[in-house]
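Novice: After the structure tokens below, expect a handful of questions from me.
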Amino acid sequence: MIYFVGAGSGAPDLITVRGANLIKKADVIVYAGSLVNPEILNDRKDTCQIYNSAKMTLEEVMQVMIPAERAGKLVVRLHTGDPCVYGAHREQMDWLDKEGIKYEICPGVSSFCGAAAALKAEYTLPDVSQTVILTRMEGRTPVPPKEKIELLASHNATMVIFLSAGRLEELSKRLIEGGYSKDTPAAIVYKATWPDEKVIYTTVSKLAQDGQAITKTALITVGNFLGNEYNRSKLYDPAFTTEFREASL
Numbered sequence: 001m002i003y004f005v006g007a008g009s010g011a012p013d014l015i016t017v018r019g020a021n022l023i024k025k026a027d028v029i030v031y032a033g034s035l036v037n038p039e040i041l042n043d044r045k046d047t048c049q050i051y052n053s054a055k056m057t058l059e060e061v062m063q064v065m066i067p068a069e070r071a072g073k074l075v076v077r078l079h080t081g082d083p084c085v086y087g088a089h090r091e092q093m094d095w096l097d098k099e100g101i102k103y104e105i106c107p108g109v110s111s112f113c114g115a116a117a118a119l120k121a122e123y124t125l126p127d128v129s130q131t132v133i134l135t136r137m138e139g140r141t142p143v144p145p146k147e148k149i150e151l152l153a154s155h156n157a158t159m160v161i162f163l164s165a166g167r168l169e170e171l172s173k174r175l176i177e178g179g180y181s182k183d184t185p186a187a188i189v190y191k192a193t194w195p196d197e198k199v200i201y202t203t204v205s206k207l208a209q210d211g212q213a214i215t216k217t218a219l220i221t222v223g224n225f226l227g228n229e230y231n232r233s234k235l236y237d238p239a240f241t242t243e244f245r246e247a248s249l
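For the sequence shown, position 208 matches number 208 in UniProt numbering, and the numbering has no gaps at all.
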């Protein structure tokens, strides 16, 4: 069996119990070495074979995983965060489907969740934002035309922007062109949940100025969820009846 495992956002104890158990049992681990905290591998078996996918192509990854699985070995493909977000694991699964090889997915804590924890923030605040947009700017890899930053910014929803820390000046300009005001709160979270985590609070117009020392491994969060004004949730309002509780006011 091949298991796609989310390693979590960085801290080694933020991997799921299931994921940690799979690592302990694995005969072969192929991990995203440029992003996964290597401490997560500390509990592996002495006989476990380790491969760093940062130095491998898709074809090379498959050349490791498929023969190992067919030899009866337990294979863990270890992705940063959760593999369903910028994990490029769909192409691996499609390949395995064609080969008739079984696999399972073990979810992980995405870095956007780790960033919210670092910010001590809630992305979805009543009457502020009920939508979270996870996206990135186009670079060498394009994005669909309808998903340009300007178009997404027009919603003024909460935005979490991946893989764009090296282009903050352009990002700032395009967010404003899309509809965010210059003073919309923003924050840059560098290496969320890692020991060297860093949080920079700023505004959309000052992203480049305040984040000039950050060029990678960071998320940019944008929106009024970072402000102090919001309405109380109805869920715990004493005047609001739910399926489980009658209003008391």
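The beta-carbon is built from N, C-alpha and C at its ideal position, and this holds for glycine as well.
Determine, using beta carbons only, whether Ala-239 comes closer than 7 Å to chain C.
Specialist: The chain inventory of the structure shown lacks chain C, comprising one protein chain alone.
Novice: Over the uninterrupted beta strand (DSSP E) stretch that includes Lys-198, give me the two end residues.
Specialist: 198 to 203
Novice: Inspect the beta-carbon positions of Phe-32 and His-79 and report whether they are closer than 7 Å.
Specialist: Reading off the sequence, residue 32 comes out as Ala, not Phe. A contact, by the Cβ cut-off of 7 Å.
Novice: Leaving aside the five residues before and after Asn-52 along the sequence, list all residues of the same chain whose C-beta is less than 6 Å from its C-beta, in chain order.
Specialist: Gly-33
Novice: Could you spell out where the beta strand (DSSP E) holding Gln-49 opens and where it closes?
Specialist: 49 to 52
Novice: Among Lys-182, Gly-8 and Gly-179, which residue has its Cα nearest to the Cα of Cys-84?
Specialist: Gly-8
Novice: What did DSSP end up calling Leu-14 once you bin it into helix, strand or coil?
Specialist: DSSP places Leu-14 in helix when its eight states are reduced to three.
Novice: Quick check on the DSSP output: the alpha helix (DSSP H) that includes Met-65 runs from which residue to which?
Specialist: 58 to 70
Novice: Compute the beta-carbon to beta-carbon distance between Val-28 and Lys-73, rounded to the nearest angstrom, for a pair I have assumed lies under 8 Å.
Specialist: Indeed, because the Cβ distance is near 6 Å, the residues count as touching under 8 Å.
Novice: Give me the Cβ distance between Tyr-190 and Ala-208, rounded to the nearest whole Å; I'm assuming they're in contact under 8 Å.
Specialist: The pair is not a contact, with the Cβ atoms about 15 Å apart (cut-off 8 Å).
Novice: Pull up the distance between the alpha-carbon of Asp-43 and that of Asp-210, whole angstroms please.
Specialist: 39 Å
Novice: To which residues of the same chain is Leu-125 closer than 7 Å at the C-beta, ignoring the five residues directly before and after it?
Specialist: Excluding sequence neighbours, Leu-125 sits near Phe-225 and Tyr-230.
Novice: Please state whether DSSP places Ile-133 in a helix, a strand or coil.
Specialist: strand
Novice: Quick check on DSSP: helix, strand or coil for residue 250?
Specialist: Lying before the first or after the last residue shown, residue 250 is absent from the chain, which here runs from 1 to 249.
Novice: Among Asp-94, Gly-178, Cys-48 and Gln-130, which residue has its Cα nearest to the Cα of Met-62?
Specialist: Asp-94
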